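The structure appears right after this line, and notes come after that.
Encoded structure:
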């Protein structure tokens, strides 16, 4: 099958698009210039006064977009999110999109941006994928200000008796930099500080990112910041930001970052892009403030959760939704024929060849995610994100597999056609919402033990046999329960590529055991992180990072940004 290689890149499509002044986009959802804090002509934050004013408005319906386990073949979850929003817009619905902000780490590394693709993109994509309105820089600064204040406390007498061997707060930078995973600080004599081991996380793994994304307002943000555990004292008791008395200073650094950012799609559908925790090491959802605000401004909100349903969707439903009182009316599971063929054993180099047998084998991955969403009591639709190389036989095979399992499915061509290519999906989503007779139920109770919550996720969401805890994790289970943290939900830090904790096990592995090596308290965010396998909170760059292809012309236009 021949494929047209003269296809515009995402950035070329974005640069050719007509973008409206953000004030005009805001007017479509009932906002005025007084409601906005402008960042140039095409970006704006919603003011604090506007956010407060909207709190009493009726809430619209939230639609969650998730996916199968990602592969190098690509799934296009953000693309479908944007395209579905544009499609509902074309159907005359009052709709908004709520998405995460990209991290510079994967942008300069390998993953690419987070603004969609083709003709289903959010604009201005160059700004959003780079520094945007500075939210991630503010979070980085707040994170590192706290680190500096901890070390200064040690230097100035250590009134709280912090055990320097048990400081758990790390510094952060919004880049993939493996050399910073473990560092030694404070060398050079008494005036240079107290020597100790330290390390860096990528900014999106900072608890401050999770706190900002789960806070309801500035007051709640400050309260959550005060609860963050930064260290343990010599009695092995937790020391918090509140004990240091610096939550006010941190909140001050975040006072603008807490406001959601208004932008638009190529088709001028309004979108709020705000917050960006990773789903493999954090909870993977955009901010509660953005999602709730969008629901006050529109009848339908299209939002997404990171990676596959085993990570982002599970955390949306158990952490974000539960904390904020948000229940999706429907869930869209994005799948591609290319990715399912990889789950069926086809290497990336052979994906251009028709292979319905591998597609059928890989369908087991999609089927597991469908079962998971159904177990929560939520209606769902599978969106087949069509690629140009997909053959008619492969498309018919996947549609047939879904129909045989009585799974609602829609072929989606939003990358190529924008909102028009998502009309069938939009109509099926509306139909599922209208005819829904299911009742949403979380898979575990907050009163369950931390151990049992983790086991429930492993067995019911991943399809695993059991969970194994290291000796360190077993001790932490007892300690965390004794500190009164047992009623918090769990946030699994796990590879995104597999349902198991082994990234090489594609498809639908069975009889596997998930290994929890360590637990981390994110008390400000309101969950316990379980680190599994060898997942890391500071990624590294690939051999040929995307940065090698990036440039800027003499007019300041980005080159090679996807």
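In the numbering used here, the protein residues as written are 4 to 565.
The C-beta atom is built at its ideal place from N, Cα and C for all residues, glycine as well.
Here the structure is a predicted model, which is why all the values come from computation and not from measurement.
Exercise for review: Please state whether DSSP places residue 356 in a helix, a strand or coil.
Suggested key: coil
Check your understanding: Just the Cα atoms here: how many angstroms apart are residue 112 and residue 104?
Key -> 16 angstroms
Review point. Which same chain residues, not among the five before or five after residue 79, have their C-beta less than 6 angstroms away from its C-beta?
Key: 388
Exercise for review: Would you check if there are 3 or more beta carbon pairs closer than 8 angstroms linking the stretch 124-143 to the stretch 201-216?
Suggested key: yes
Practice item. Would you check if there are 3 or more beta carbon pairs closer than 8 angstroms linking the stretch 161-173 to the stretch 227-242? Key: yes
Review point. Mind checking residue 411: buried by the 16 CB within 10 Å criterion, or exposed?
Key: buried
Practice item. State the start and end residues of the unbroken beta strand (DSSP E) segment that holds residue 268. Key: 264-268
Review point. What's the C-alpha gap between residue 371 and residue 94?
Key: 32 angstroms
Point to revise | Distance CB(residue 488)-CB(residue 531) smaller than 8 angstroms | key: yes
Check your understanding: Skipping 5 residues on each side, what residues in its chain have a beta carbon closer than 8 angstroms to that of residue 244?
Key -> 149, 228, 229, 230, 231, 233, 250, 253 and 527
Review point. Just checking my contact of residue 515 with residue 503 at CB under 8 angstroms: how many whole Å lie between their CB atoms?
Key: 4 angstroms
Practice item. Pick helix, strand or coil for residue 293, following the three-state DSSP scheme. Key: helix
Review point. Taking C-beta to C-beta, are residue 497 and residue 459 nearer than 8 angstroms?
Key: no
Check your understanding: Which residues in the same chain have their Cβ closer than 6 angstroms to the Cβ of residue 405, if we skip the five residues on either side of it in sequence?
Key -> 385 and 412
Point to revise | Length of the line joining the Cα atoms of residue 126 and residue 269 | key: 6 angstroms
Practice item. Determine the extent of the beta strand (DSSP E) in which residue 414 is found, giving its start and end residues. Key: 412-415
Review point. From what residue to what residue does the beta strand (DSSP E) around residue 481 run?
Key: Not the beta strand (DSSP E): residue 481 falls in the alpha helix (DSSP H), residues 474-485.
Review point. Who are the Cβ neighbours of residue 445 in its own chain at under 8 angstroms, not counting the five residues just before and after it?
Key: 320, 321, 325 and 379
Review point. Excluding sequence positions up to five away, which residues of its chain have a Cβ less than 7 angstroms from the Cβ of residue 152?
Key: 247 and 249
Exercise for review: Determine the closest residue to residue 348 out of 129, 366, 306 and 99, with distance taken between C-alpha atoms.
Suggested key: 366
**Study point:** Length-filtered (3 minimum) beta strand (DSSP E) runs lying within the stretch 293-375
**Key:** 303-307 and 333-338
Exercise for review: Please confirm whether residue 512 and residue 311 have their CB atoms less than 8 angstroms apart.
Suggested key: no
Review point. Helix, strand or coil for residue 538 per DSSP?
Key: coil
Point to revise | Contact under 8 angstroms by Cβ, residue 224 with residue 57 | key: no
Check your understanding: Does the separation of the CB atoms of residue 364 and residue 314 fall below 8 angstroms?
Key -> no
Practice item. Could you name the residues that DSSP lists as bridge partners for residue 405? Key: In the DSSP output, where bridge partners are listed per residue, residue 405 has none listed.
Review point. Based on the DSSP secondary-structure assignment, which residues constitute the bridge partners of residue 99?
Key: 304
Point to revise | Backbone CA spacing between residue 271 and residue 304 [nearest angstrom] | key: 15 angstroms
Practice item. Tell me, to the nearest whole angstrom, how far the beta carbon of residue 450 is from that of residue 490; I am working on the premise that it is less than 8 angstroms. Key: 6 angstroms
Review point. Mind checking residue 499: buried by the 16 CB within 10 Å criterion, or exposed?
Key: buried
Check your understanding: Can you tell me where the beta strand (DSSP E) with residue 69 in it begins and where it stops?
Key -> 64-70
Check your understanding: Measuring CB to CB, does residue 24 end up less than 8 angstroms from residue 44?
Key -> yes
Check your understanding: How is residue 260 classed by DSSP in three states: helix, strand or coil?
Key -> coil
Check your understanding: Hey, how far is the Cα of residue 71 from the Cα of residue 193?
Key -> 53 angstroms
Practice item. Name, in chain order, the residues that DSSP records as bridge partners for residue 518. Key: 471
Check your understanding: Between residue 199 and residue 189, is the Cβ-Cβ spacing less than 8 angstroms?
Key -> yes
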